[in-house]
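Enquirer: With the first letter of the sequence shown counted as 1, position 116 gets the number 127 in this note's numbering; the numbers rise by one all the way through.
Ideal Cβ placement from N, Cα and C applies to all residues, glycine included.
Can you read through this structure? Questions will come right after.
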Amino acid sequence: MRLSARIGLAVGCTVPLLVLASGWLLLQLVARDLHRAEDDHLRERAAAVVPDAKALLRAGAADRPKAADTRERALYTAALDVGLRVVGPDGTFSGGPQPGPDVRLPARTGAPVTVHADGDSWRVLGRRVRTPLASGTLWVFAPDTADRGQQRLVRRRVLVTTLLAAPLSGLLAWGVSASAAAPLRRLTRSTAGLDPRTDRARPPLERSGVTEVDELAATVRTVLARYDEQAARTGEALDTARSFSSAAAHELRTPLMSMGTNLDILADHPQLPVADRTEVVADLRREHGRLLGLLVMLRDLGRGDLVEVEAFRTADLTEIAEAAVADARRRAPGAQIVLDTPAGITVRGWEPGLRLLLDNLLANAVAHGADARGPVSVTVGMRRAGEWIVLTVDDGGPGVPEPDRELIFERFRRGRASSGSGLGLTLVAQQTALHRGTVTVSGAPGGTGARFEVRLPAAAGELPDRRDWLIGTAGTYRSQSFPKEGS
Numbered sequence: 012m013r014l015s016a017r018i019g020l021a022v023g024c025t026v027p028l029l030v031l032a033s034g035w036l037l038l039q040l041v042a043r044d045l046h047r048a049e050d051d052h053l054r055e056r057a058a059a060v061v062p063d064a065k066a067l068l069r070a071g072a073a074d075r076p077k078a079a080d081t082r083e084r085a086l087y088t089a090a091l092d093v094g095l096r097v098v099g100p101d102g103t104f105s106g107g108p109q110p111g112p113d114v115r116l117p118a119r120t121g122a123p124v125t126v127h128a129d130g131d132s133w134r135v136l137g138r139r140v141r142t143p144l145a146s147g148t149l150w151v152f153a154p155d156t157a158d159r160g161q162q163r164l165v166r167r168r169v170l171v172t173t174l175l176a177a178p179l180s181g182l183l184a185w186g187v188s189a190s191a192a193a194p195l196r197r198l199t200r201s202t203a204g205l206d207p208r209t210d211r212a213r214p215p216l217e218r219s220g221v222t223e224v225d226e227l228a229a230t231v232r233t234v235l236a237r238y239d240e241q242a243a244r245t246g247e248a249l250d251t252a253r254s255f256s257s258a259a260a261h262e263l264r265t266p267l268m269s270m271g272t273n274l275d276i277l278a279d280h281p282q283l284p285v286a287d288r289t290e291v292v293a294d295l296r297r298e299h300g301r302l303l304g305l306l307v308m309l310r311d312l313g314r315g316d317l318v319e320v321e322a323f324r325t326a327d328l329t330e331i332a333e334a335a336v337a338d339a340r341r342r343a344p345g346a347q348i349v350l351d352t353p354a355g356i357t358v359r360g361w362e363p364g365l366r367l368l369l370d371n372l373l374a375n376a377v378a379h380g381a382d383a384r385g386p387v388s389v390t391v392g393m394r395r396a397g398e399w400i401v402l403t404v405d406d407g408g409p410g411v412p413e414p415d416r417e418l419i420f421e422r423f424r425r426g427r428a429s430s431g432s433g434l435g436l437t438l439v440a441q442q443t444a445l446h447r448g449t450v451t452v453s454g455a456p457g458g459t460g461a462r463f464e465v466r467l468p469a470a471a472g473e474l475p476d477r478r479d480w481l482i483g484t485a486g487t488y489r490s491q492s493f494p495k496e497g498s
């Protein structure tokens, strides 16, 4: 069913219901106003005849029939167009239009009420009448006409209006909605033949004059633009996945071949001496650890590439640094790791990513932070510099040569003596870029060792333009997703 038909049908059904509800409300208001007018009239008549009713009760109590007759005639004369009934201890005096004596009257007096008798309705007002000689009740009656002429007229007009409103409102709503839906039909025709997989045609940019249709057209263009963006990104990913698979296969092949060779030695030489067997098993353990670390790093790189901005929260960088340093001390009990940071330094970021950044900086410092003269020495510092949080990790090792300082963040880049995966500093670079920060490598302040300095904006909340650290090369896209200091 078309939208215009749905709107016409909905309006055609809704308007009569609204007319009926409004008519019912109007009927109740008219009835209330009529009752109020009748009740005011009853009160006026009751106030006018109360003195005569008192005189009638006194005459009856004094046993003066002639005086009672006179007072009764005076009472009926004052009543005019209403019925009266005076109920006293010596009898009941009644006259004028009123229900029969067998009709039950209300127990309370003071406010007008409606009573029904033989199909007729009466408005009744009772007043207590007290005299020194006798007391009684004065009842004033008037026919209840509030539910007759005026209400019947209102009821007929409401029904006629309802019968006319149903088709007229439906037709009018259908015509208006059909006219309003014309821009939507044009948009439908213009987008019906679009196939984003085969052509680059997009909905026209001209405005239709209908805000909702223009917003829908803009939404369609946005969705198609996002589709194009994702298709382009998917194409790039497919193009670069081959280079990644080749590099990963090369990195995985070396430890796997080494492990296979050691397993062949164990299988072919069951009587291998204990010392040689121990050396082979130790080599297997090293290669296994290297392989496991490589897979863990690849998983972490994938998590960083897939994280969205909704995961960013306010994180306490001081607490993250304390936890990372505590874990590093447990892994390397012989290392001297000093934490020098004030409390309460917070950033807006992805907390697991910030922990990865610190863990890998510490692991790198512990692995390369020793020289020939002493044990591993690492110092972690943190300070606030304007809108930036500056994190430094200093070690006492041989340092990083200047030609290598731009290369150590690339995938699978490791030193000659390193047994790591070659992805630890790539993770540091990825998380720094993810938080719109910068990282630099320089010499340590003491003249020996290396200093890794990471600058993070305290209020980071936007993701970089490109995130392809898993399937791309860090150095290839450094200018877009890994800004260096001063850029």
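Looking only at C-alpha atoms, which of Trp361, Val93, Leu29, Leu418 sits nearest to Leu436?
Expert: Leu418
Enquirer: Between Asp275, Leu267, Ala337, Glu290, which has its C-alpha nearest Leu303's C-alpha?
Expert: Leu267
Enquirer: Buried or exposed: which applies to Leu328, given that a residue is buried once 16 or more other Cβ atoms fall within 10 Å of its Cβ?
Expert: buried
Enquirer: For Glu398, which of helix, strand or coil comes out of DSSP?
Expert: Note: Glu398 maps to coil in three-state DSSP.
Enquirer: State the start and end residues of the unbroken alpha helix (DSSP H) segment that holds Ala334.
Expert: DSSP places Ala334 inside the alpha helix (DSSP H), whose first and last residues are 328–342.
Enquirer: With DSSP run on the structure shown, which of helix, strand or coil describes Val391?
Expert: Residue state, collapsed to three classes: strand.
Enquirer: Reducing DSSP to helix, strand and coil, say where Gly99 ends up.
Expert: strand
Enquirer: Alpha carbon to alpha carbon, how far is Asp294 from Asp279? Give it in angstroms, no decimals.
Expert: When rounded, the distance between both Cα atoms is 17 Å.
Enquirer: So Val465 and Thr443 are in contact, right, with Cβ under 8 Å, and what is the actual spacing, rounded?
Expert: 6 Å
Enquirer: Taking only the alpha-carbon atoms, compute the straight-line gap between Thr173 and Thr222 and give it to the nearest angstrom.
Expert: 33 Å
Enquirer: May I have the straight-line CA-CA distance separating Arg264 from Arg395, to the nearest angstrom?
Expert: 45 Å
Enquirer: Straight-line CA distance for Pro154 to Val93?
Expert: 8 Å
Enquirer: Can you give the Cα-Cα distance for Ala122 and Leu136, rounded to whole angstroms?
Expert: 6 Å
Enquirer: For Arg166 and Pro108, what's the separation of their Cα atoms in angstroms?
Expert: 28 Å
Enquirer: Quick check on Ala21: buried or exposed, where buried means 16 or more other Cβ atoms within 10 Å of its Cβ?
Expert: Ala21 is exposed by the Cβ-count criterion.
Enquirer: Only counting the same chain, and skipping five residues up and downstream in sequence, which positions put a Cβ closer than 7 Å to that of Ala335?
Expert: Taken in chain order, the residues that qualify are Arg366, Leu369, Asp370, Leu373.
Enquirer: Which stretch, first to last residue, makes up the alpha helix (DSSP H) that contains Thr437?
Expert: 435–445
Enquirer: Would DSSP call Ala236 helix, strand or coil?
Expert: helix
Enquirer: Going along the chain, which residues of its own chain have a beta-carbon closer than 7 Å to the beta-carbon of Pro386, five neighbours each way excluded?
Expert: Contacts found: Gly345, Ala346, Gln347.
Enquirer: Specify the secondary structure class of His280 as computed by DSSP and reduced to three states.
Expert: coil
Enquirer: Give me the Cα-Cα distance between Leu36 and Gly181, rounded to the nearest whole angstrom.
Expert: 23 Å
Enquirer: Helix or strand or just coil, what does DSSP make of Ala461?
Expert: In the structure shown, Ala461 falls within a strand segment according to DSSP collapsed to helix, strand and coil.
Enquirer: State the CB to CB distance for the pair Ala64 and Leu86, rounded to an integer number of angstroms; the pair is presumed to be in contact (CB under 8 Å).
Expert: 6 Å
Enquirer: Taking the straight line between their C-alpha atoms, what separation do you get for Arg75 and Pro117?
Expert: 31 Å
Enquirer: What residue from Thr272, Ala470, Arg163, Leu67 has the CA that sits closest to Gly102's CA?
Expert: Leu67
Enquirer: Provide the residue(s) that pair with Asp405 in DSSP beta bridges, ordered along the chain.
Expert: Thr390, Arg462
Enquirer: For a test of the three-state rule: what should DSSP assign to Thr88, helix, strand or coil?
Expert: helix
Enquirer: In terms of DSSP beta bridges, what is Ile348 paired with?
Expert: Val389
Enquirer: Report the rounded CA-to-CA distance for Ala470 versus Ala354, giving the unit in angstroms.
Expert: 18 Å
Enquirer: Tell whether a beta-carbon distance below 8 Å holds between Tyr72 and Ala145.
Expert: One point to set straight first is that residue 72 is Ala, not Tyr, in the sequence displayed. Yes.
Enquirer: Is Trp35 helix, strand or coil when you go by DSSP?
Expert: The answer is helix: DSSP assigns Trp35 an H, G or I state.
Enquirer: Please check the pair Asp351 and Val391, which I expect to be a contact at CB under 8 Å, by giving their CB distance rounded to whole angstroms.
Expert: With 8 Å as the limit, Asp351 and Val391 qualify as a contact, their Cβ atoms being about 7 Å apart.
Enquirer: Any idea if Pro389 is buried or exposed, counting beta-carbon neighbours within 10 angstroms, 16 or more meaning buried?
Expert: Reading off the sequence, residue 389 comes out as Val, not Pro. Under this definition Val389 is a buried residue.
Enquirer: Looking at the strands, I want to know which residues DSSP matches up with Arg134.
Expert: Thr125, Ala153
Enquirer: Whose C-beta lies closer than 6 Å to the C-beta of Gly34 among residues of the same chain, with five residues either side of it excluded?
Expert: Val169
Enquirer: Let me make sure I understand the geometry here. Which of Ala337, Gly106, Ser132, Val97 has the alpha-carbon closest to that of Leu91?
Expert: Gly106
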